[in-house]
Each structure stands twice: as C-alpha cells, then as structure tokens.
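S.K.: One structure, pasted below without further comment.
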Amino acid sequence: MKERLDWENQRVTQKNREPMHSPWGAWESAEEAAKGERGSSGNVLSLDGTWKFHLAAGPDCVPEEFYKEEYDVSAWDNIKVPGNWETQGYSYPVYTNYVYPMGRADEERYTICASRKTGKREMNPPFVTGDNPTGCYVTEAELPAAWDGKSIYLNFEGVDSCFYVWLNGTFVGYSQVSHSTSEFDVTPYLKDGENTLAVLVLKWCDGSYLEDQDKFRMSGIFRDVYLLLRPEQGIFDYFLKAVPSKDYKDGTIDVEFKFMDGEVPVNCRLLDACGNLVAEQKAVDGKVHMEVKDAHLWNAEEPYLYTIIYETEHEVNTDHVGIREIHIEGNVVYLNGQKIKFHGVNRHDSDPVTGFTISQEQIMKDLVLMKEHNVNAIRTSHYPNAPHFYELYDAMGFYVIDEADNESHGTSMRYIESMDWETIRKLWNEMIADNPDYTESTVDRTQRCVERDKNRPSVVIWSMGNECAYGCTFEAALEWTKKFDDTRLTHFESALHVSDKRKYNFDNIDLFSRMYPSLEEIHEYVNEDGRKPFVMCEFCHAMGNGQGDLEDN
869 MKERLDWENQ
879 RVTQKNREPM
889 HSPWGAWESA
899 EEAAKGERGS
909 SGNVLSLDGT
919 WKFHLAAGPD
929 CVPEEFYKEE
939 YDVSAWDNIK
949 VPGNWETQGY
959 SYPVYTNYVY
969 PMGRADEERY
979 TICASRKTGK
989 REMNPPFVTG
999 DNPTGCYVTE
1009 AELPAAWDGK
1019 SIYLNFEGVD
1029 SCFYVWLNGT
1039 FVGYSQVSHS
1049 TSEFDVTPYL
1059 KDGENTLAVL
1069 VLKWCDGSYL
1079 EDQDKFRMSG
1089 IFRDVYLLLR
1099 PEQGIFDYFL
1109 KAVPSKDYKD
1119 GTIDVEFKFM
1129 DGEVPVNCRL
1139 LDACGNLVAE
1149 QKAVDGKVHM
1159 EVKDAHLWNA
1169 EEPYLYTIIY
1179 ETEHEVNTDH
1189 VGIREIHIEG
1199 NVVYLNGQKI
1209 KFHGVNRHDS
1219 DPVTGFTISQ
1229 EQIMKDLVLM
1239 KEHNVNAIRT
1249 SHYPNAPHFY
1259 ELYDAMGFYV
1269 IDEADNESHG
1279 TSMRYIESMD
1289 WETIRKLWNE
1299 MIADNPDYTE
1309 STVDRTQRCV
1319 ERDKNRPSVV
1329 IWSMGNECAY
1339 GCTFEAALEW
1349 TKKFDDTRLT
1359 HFESALHVSD
1369 KRKYNFDNID
1379 LFSRMYPSLE
1389 EIHEYVNEDG
1399 RKPFVMCEFC
1409 HAMGNGQGDL
1419 EDN
C-alpha cells in the first residue's frame, strides 16, 4: 500500500510541534507583567502584517523550493496576515452545512448518498480531493539583538486546515487542528539578523473531516503569528485551581507547575482587584498553595478577578484568577452554591469582510451586544475561540462552554438508501466517532482545547465537539477530560446518536443536551428520566435573514 501523505493520515496530527500549554505572556519584569497588556512584552515579536503570497491549484503545483532563502518571491502578491485568502481576492468561500466539499473515490473506497437533493457525493476519509488549493506564504523576520543565543518559539494561533513550516530553508514542522495554537521550537533554525519564514497551507486535509461545522469554509493563516522568547530553564506550563471553601466565604488557590528543563524557583504573588497583596508563596516541589480569607467569588454578574504573578530568575508571567465552583446536585447546576440558568448564544468567528479573523473591536461589539440583551453564557461553536477572547469572557462575566474543534456531521449520510432519521442515527457513528482509527485524533483535539484554556475561570463546561454521533473516540476523550480536570462539567449533545450494536459508556457526560427538541420531547425527558440537568444547547439557527421564528416561541 502506498504510504499516506501527512494530510491524508489521521494518525499524523503534527511533526515537531510543542505540547499544548496555557498562553504565555513572557514579560521581562514584574511591573510590566502586572499591567498584563497583550503584546506589550519585549519578549514577544509579532509577525502579523504583510506577507508575500502565492496560491497554487494544489500541493503538486507548489513552486519547487519556494521555502528556500534564495528563492525570489518579489513578484508574488502581498497578503495580510492574519486573514483568510478567500476574503482577500483568492479563490472563493465555500458554504456547506454537513455535505463534505472534498473527497474522491476509487475502487478501494466508497461513494455515499450525501443529500436528498444533490444525490451522490464522494466522501472517503482520510483522503481528500486533488482539487486542494494550497497557499504559499513567505515573510522576513529580524530578531532583536538581545535575543541572540536564547530559546525562541514560533506560535500560530490559527491556521486552516494544515500547514508546513520552514525557517531559512530548513524544515521546522507540521501541524493541523485549525482553531488551535501550534508552537514550534525554532531556536536551532534562527540566525542573527534577518530570517526567512515560509509556510505552506492546504485548504483540505484529513482533519477537515473532523471540522465539518455549518459555516463558510475559508483557509489561510487567520489568527496571530508571533515569536516568543523563553529562558532555557523556566516554567513550561501550570494548572491553577481556585475554589471557594464549603461555606463559600474563603478560597484556596492551588497551582501545579511543569518546567522546561528541571525545576526552577518560582515566587507567586496574589493581588486583589485594586492591586493589593493578598498572599505570597514560593513553590515547593513544583506546587503552590494559597489561602484567601473573605474571598470575592467570580460569577457572570460579578466577575471579580484576582491577579497572580509568577516570577522566576529570567522571566515573569501573570494571569487573572477567578475563584468559583460549579457542581451538580440532583439534576440542577449550581455555581458557588447558587442555582444558575444559562441564557446563552452559540457564537462563530465569522465576519462578511474579515472572515475568520476577528479583531478586538469586533469581539467587543459582540460581547457588549450580548450583555445588553442579558446573555450570560457563550458556547464556542464549534471550536475554541482565539486565546485572548477568554480573558474578555473572564473580565466581562460569561459562562463558557468551551468546545473542541470537532464535527464530523457529514458522516451521518453514509450509505443511506432510506433517508429516515432512525436509520441515519444508527449508521452515523461508524465511519469516525466509533472508529478506533480516529481515537488518537479525537483525543488530541480535546486535549488541545482543555490544555490551552484550563486556567480560564469563565470556562465552566468542556464540550467534546458538535454533531459527530458518539462512540469509542469520544468515550476516550471524555475519560481523559474527567481524569485531568475535576473542577468543570462535561457536555456532548451528539452522544444521543449511537448504533444498537453495543452498549455505550455515558458516565463521563454530566449534562443531558438537546438541539431543536419539541416541547413534547423536553417534557418526556424531564418526566421519564431527568437524571441529568437539561441543556438546550441549540434552539434557533440564524442563517441568512435571521431568526424570525423566535416571535412564535
């Protein structure tokens, strides 16, 4: 059998990519860190701006050795990064709900009926069509003289769908999972002065079968790109748990660190919202425990945030801390001991002009509008948002269902001759959700979401993804999530859709979720089962002219 290409192999999700961790500020001093201004650190070099760009018809049409330093790209077009190439005059956006817009068939693969209206449509994961527009990006980056000889990491916060990276003509790595940060250690590939960065982005890859969200399909480097200066010995990551006491009067903060190369001394200071020192501790065996008397608790109505500062010999980082607790009692969700209801929205990163690239001004417009209409919750449909958006959710007070970048909706139409819903439901999970070949990639998508956003107080629920059906892949993802984080609830609406071939494990799902149920279905669940809290995670789908049906409900 011919060896699969990286972008047609569901078992290859990365090459040389660093493990996922919480976003890192890397400030130079405690005073600078206390301000917490994004991008203000001298240890961060933004690569956003104008890049050289060439769009090839497919990966086989890419100019040979375009990634080398001596390759002349002066005649190439200019493109804005971050941005989608479709919103900048190259190719065109594709809108589809669940029908996969890529795929090919041959004698070893299969054809499906994907739509009542359009008839046959090819779908054969992990393989993708030969019609696969491929973007070639090149830019120059000049390192500050003070960075010479230090550890430097290259970060991409969002690239659709998969991409390869070269520095100064040398291969650095490969990554996929579009709405997830990908970080590479580029220290060995950099040189003094000017450096040539080349990136190859494919519109479709095997991961596109797990990114079948109802949306316009667009491609490119659509979130921020930057270089990050880090010490050789320092904090690699941390997991902070801030919870109230049983009587909700006091609080405790526990931090567990992961180090880059051996444990280093860490001094932690906790400040209140006015900047007053609340507690100070040094890490012992990579852990810190702090007591907070008369704690201010975080919730959507009063999103009180403390500031924690982590100081090592060569670097300072800061984060905001919200002390809060969420649990289920009976079939009711409680936050800080009080019953809560989610009045939420499902939010896509989508703009008619900028596509997937959403600025601070754009997200703030969304959030202010939500607050004005008494919205207190956001489901990040159907992928993690840009990392810094969660800082806004923390500060403004939103309960967040943080959703992994996972939807394989199109597989619901596999081998369908009879289009009745019960038939679809029982076949839906066979191709991906209950296929062990996809366990690794499914768990990877969940881990990347959870590991990145684990320190955000606004995130109160982890969602495994959107419409995928259910099976062994999600059983494994949920088991990992529950073992890793005992401070949040779990959600996966698509767990309803299973075959009748075996018994499935739903023990690690905390909420019973439905989309677009009838009132009769809601009453049936509440009256006949009702063991878990009911969450109607979608109930009105706005497309085109808007959701006029709300007037009748």
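Its first residue numbered 869, the sequence shown is counted upward by one per residue in my numbering.
Each residue gets a CB set at the ideal place from its N, CA and C atoms; glycine is no exception.
Here's the rule I'm using: 16 or more other beta-carbon atoms within 10 Å means buried, otherwise exposed. How should H1409 be labelled?
M.R.: Exposed: under 16 other Cβ atoms inside 10 Å.
S.K.: Which of helix, strand or coil does DSSP assign to H1277?
M.R.: H1277: helix per DSSP, three-state reduction.
S.K.: Within its chain, find whatever has a CB closer than 7 Å to the CB of W892; leave out the 5 residues flanking it on each side and keep chain order.
M.R.: L1096, N1185, listed in sequence order.
S.K.: Would I1390 be called buried (16 or more neighbouring beta carbons within 10 Å of its own) or exposed?
M.R.: By the neighbour-count rule (16 or more Cβ atoms within 10 Å), I1390 is not buried but exposed.
S.K.: Does L1295 come out as helix, strand or coil in the three-state DSSP assignment?
M.R.: Reduced to three states, the DSSP call for L1295 is helix.
S.K.: In angstroms, rounded to a whole number, what distance separates the CA positions of H1375 and Q1315?
M.R.: First, the residue type needs correcting, since residue 1375 is Asp and not His in the sequence shown. Cα to Cα, D1375 sits roughly 19 Å from Q1315.
S.K.: Rank D928, Y1077, V912 by C-alpha distance to the C-alpha of S1276 and give the top, closest one.
M.R.: Checked all of D928, Y1077, V912; the closest Cα to S1276 is Y1077.
S.K.: Given a cut-off of 8 Å, decide if R1313 and N1253 are closer than it, judged by their beta-carbon atoms.
M.R.: For N1253 and R1313, no; Cβs fall outside 8 Å.
S.K.: Please list, in chain order, all residues of the same chain as R977 whose beta carbon is under 6 Å from its beta carbon, the five residues on each side excluded.
M.R.: Confidence at R977 is low in this model, with a pLDDT of 33, below 50, so its placement is unreliable and no value can be given for it.
S.K.: Applying the 10 Å Cβ sphere with the 16-neighbour rule, what's the burial state of I1300?
M.R.: Answer is buried; the Cβ neighbour count reaches 16.
S.K.: Can you tell me the Cα-Cα spacing of W1034 and E1079, whole angstroms?
M.R.: So the two alpha carbons sit approximately 25 Å from each other.
S.K.: For T1055, report the span of its beta strand (DSSP E) as first-last.
M.R.: No beta strand (DSSP E) contains T1055, which DSSP labels as neither H nor E.
S.K.: Go to K1313, then tell me how far its alpha helix (DSSP H) extends in each direction, as first and last residue.
M.R.: According to the sequence as given, residue 1313 is Arg; it is not Lys. Unbroken alpha helix (DSSP H) run through R1313: 1307-1321.
S.K.: So, is K1071 buried or exposed, given that buried needs 16 or more other C-beta atoms within 10 angstroms?
M.R.: So K1071 ends up on the buried side.
S.K.: Could you have a look at C1340 and say whether DSSP puts it in helix, strand or coil?
M.R.: In the structure shown, C1340 sits in a helix (DSSP, three-state: H, G or I).
S.K.: Pick helix, strand or coil for C1408, following the three-state DSSP scheme.
M.R.: C1408: coil per DSSP, three-state reduction.
S.K.: According to DSSP, is I1089 helix, strand or coil?
M.R.: Note: I1089 maps to strand in three-state DSSP.
S.K.: Identify whether G1333 lies in helix, strand or coil by the three-state DSSP scheme.
M.R.: Three-state result, G1333: coil.
S.K.: What is the DSSP secondary structure of T986, reduced to helix, strand or coil?
M.R.: Residue placement at T986 is flagged as unreliable, the pLDDT there being 34, under the threshold of 50; a coordinate-derived value is accordingly withheld.
S.K.: Restricting to Cα atoms, I'd like to know which of V996, D1187, E1025 is closest to A1141.
M.R.: Per the Cα distances, D1187.
S.K.: When you compare only the Cα positions, how much space is there between V860 and T1341?
M.R.: In the structure as shown, the chain starts at 869 and stops at 1421, and residue 860 therefore has no counterpart that could be examined.
S.K.: Nearest-angstrom Cα distance between E876 and C1073?
M.R.: Those two C-alpha atoms are separated by around 6 Å.
S.K.: Taking K1239 as part of the alpha helix (DSSP H), name the residues at either end of that continuous run.
M.R.: Looking at the DSSP string, the run of the alpha helix (DSSP H) that includes K1239 is 1228-1240.
S.K.: Spatial neighbours of T1008 within its chain, please: C-beta separation below 8 Å, excluding the five flanking residues on both sides.
M.R.: In the sequence as presented, Thr is not what sits at residue 1008; that position holds Glu. The answer, listed in chain order, is E1062, N1063, T1064, L1065.
S.K.: For the alpha helix (DSSP H) containing F1264, name the first residue and the last one.
M.R.: Note that residue 1264 is Met in the sequence shown, not Phe. Its alpha helix (DSSP H) spans residues 1257-1264.
S.K.: Compute the distance between the beta-carbons of N1204 and Y1116, then report whether it is under 8 Å.
M.R.: Yes.
S.K.: Hey, could you find the ends of the alpha helix (DSSP H) A901 is sitting in?
M.R.: Here the alpha helix (DSSP H) through A901 covers 898-903.
S.K.: Grab me the residues of D935's own chain with a C-beta within less than 7 Å of its C-beta, minus the 5 sequence neighbours each way, in chain order.
M.R.: Correcting the residue type first, residue 935 is Tyr in the shown sequence and not Asp. If we look at Y935 and ignore the five residues flanking it on each side, its Cβ neighbours are W1034, G1037, A1066.
S.K.: If we count Cβ pairs, one from each stretch, closer than 8 Å, do we get three or more for the segment 1104-1124 versus the segment 1086-1095?
M.R.: Touching, no.
S.K.: For K883, which three-state DSSP category applies?
M.R.: Three-state DSSP puts K883 in a strand.
S.K.: Whose CA, out of H1195, H1157, L1165, lies closest to the CA of P1401?
M.R.: That would be H1195, whose Cα lies nearest to the Cα of P1401.
S.K.: Mind checking whether V1422 and T1349 have CB atoms under 8 Å apart?
M.R.: Nothing about residue 1422 can be read from this structure; the chain reaches only from 869 to 1421.
S.K.: Is it true that the CB of F1125 sits closer than 8 Å to the CB of G1088?
M.R.: Not a contact, by the Cβ cut-off of 8 Å.
S.K.: Is the segment 1316-1335 touching the segment 1000-1019 in the sense that three or more CB pairs, one from each, lie closer than 8 Å?
M.R.: No, they do not touch.
S.K.: Which term fits W1289, buried or exposed, when burial requires 16 or more other beta carbons within 10 angstroms of its beta carbon?
M.R.: Classification of W1289: exposed, given that the 10 Å Cβ count is below 16.
S.K.: By a C-beta neighbour count over all protein chains shown, 10 Å radius and 16 as the cutoff for buried, is D1302 buried or exposed?
M.R.: Buried, by the Cβ-count rule.
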